[in-house]
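Okay, so here's the structure we're looking at.
Below is the structure:
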């Protein structure tokens, strides 16, 4: 299903700042708010689309991901959009109080008092280069907030300790009129739940949650990159009042390697060679992610040039192919020479001097030929031109 660009939805430029995005969303929310358009399905969809766009563009991390990878990138970090109005109001929390002043100019929404989904959590996982390249299975141990088993997540000592809120009479909202408009906002006494706890659960202190330890297995695919996210469904924070748990996002971090660096699916490294090997060529052995490989050094290679080992890099996730291993050649100049080596280098220097002298002689000879040829051409051209008479112009 094709989805519209979020900037297009809100009618703002891609470089718009937070204030411009907020202003654009407020304008659209006022226009398409469900309380202003009862029964209008198109207005409902426009309101949800604008709310989803605002939720992404007002979040720096989500906006950066969207700018780089679009809607597919958001799915990779667990963003699913909104399926109902309750999702919108629950996700934004007090954003409507910020935008409209009192929970929305056309009436607020009661926070759901039924089952609620838990929040998503993040887990940082360090991998070596080799583990990321080959894939690995890890046991993850972590602690997450779970529903208190003693009170069922209600936060009350017993069911009898839960009573309707006297401030909002159980509605979760308080309203007042200003001129011809009725404003409503979330009840500050009960937080929109419509009920209060008279006596808190001793085990969770009235929060409805208790820390619980989890141990899960995670299979990491070969080729995962720095910052890659892997999703474990319903391994995040426990839900409230019987709701499902959130998801756990495992964020991968690659440990530095003593020899290798990564650039996309390619691996970069260096190999030192001697002056003689650079001049004559050689075959050397280099380390790769998958063991040792032979690398042919061509004659006359220069320090800093690169050679490529095909298919020795990182696997491409979801494919059977792999990137390449790119080796930069570093020519090492000898600093200590034996007497015999020094003698050979001096003989080489003498030969190089003789060759340079011959090249200079040949170059001088050729320059002389070209100079004489040029002078001859000039004389011939002047001889062919007619003499210039009075008033004539010389070509």
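Residue numbers (this note's numbering): 8 to 402.
We put the CB at the ideal spot given by N, CA and C, even for glycine.
Inspect the beta-carbon positions of residue i and residue j and report whether they are closer than 8 Å.
i, j, result
"residue 337", "residue 277", "yes"
"residue 245", "residue 204", "no"
"residue 172", "residue 208", "no"
"residue 148", "residue 247", "no"
"residue 57", "residue 39", "yes"
"residue 301", "residue 292", "yes"
"residue 259", "residue 298", "no"
"residue 152", "residue 251", "no"
"residue 175", "residue 198", "no"
"residue 122", "residue 249", "yes"
Pull the bridge partners of residue i from the DSSP assignment, please.
i, result
"residue 204", "169"
"residue 298", "295"
"residue 152", "218"
"residue 128", "255"
"residue 146", "224"
"residue 242", "The partner list for residue 242 (beta bridge, DSSP) is empty, contrary to what the question assumes."
"residue 323", "According to DSSP, residue 323 bridges with nothing at all."
Looking only at C-alpha atoms, which of the options sits nearest to residue i?
i, options, result
"residue 289", "306, 148, 299, 330", "306"
"residue 29", "69, 326, 221, 62", "62"
"residue 282", "81, 344, 339", "339"
"residue 213", "241, 168, 255", "168"
"residue 325", "153, 131, 140, 317", "140"
"residue 71", "21, 31, 35", "21"
"residue 55", "67, 77, 10", "10"
"residue 133", "122, 124, 146", "146"
"residue 266", "182, 357, 333", "333"
"residue 269", "323, 223, 279, 280", "323"
"residue 64", "19, 41, 49", "19"
"residue 241", "358, 126, 49, 48", "126"
"residue 233", "239, 220, 262", "262"
"residue 286", "296, 177, 308", "308"
How is the beta strand (DSSP E) around residue i delimited, first residue to last?
i, result
"residue 256", "255-261"
"residue 17", "It is not in any beta strand (DSSP E) - residue 17 instead sits in the alpha helix (DSSP H) that spans 13-17."
"residue 266", "No beta strand (DSSP E) contains residue 266, which DSSP labels as neither H nor E."
Tell me which residue opens and which closes the alpha helix (DSSP H) that residue i is part of.
i, result
"residue 58", "48-64"
"residue 308", "Looking at the DSSP string, residue 308 is not in any alpha helix (DSSP H), and its letter there is neither H nor E."
"residue 284", "282-287"
"residue 38", "25-39"
"residue 141", "136-141"
Original post:
Does the segment 223-242 come close enough to the segment 138-154 that 3 or more CB-CB pairs lie under 8 Å?
Top reply: yes
Original post:
So, do the segment 312-324 and the segment 250-260 have three or more beta carbon pairs nearer to each other than 8 Å?
Top reply: no
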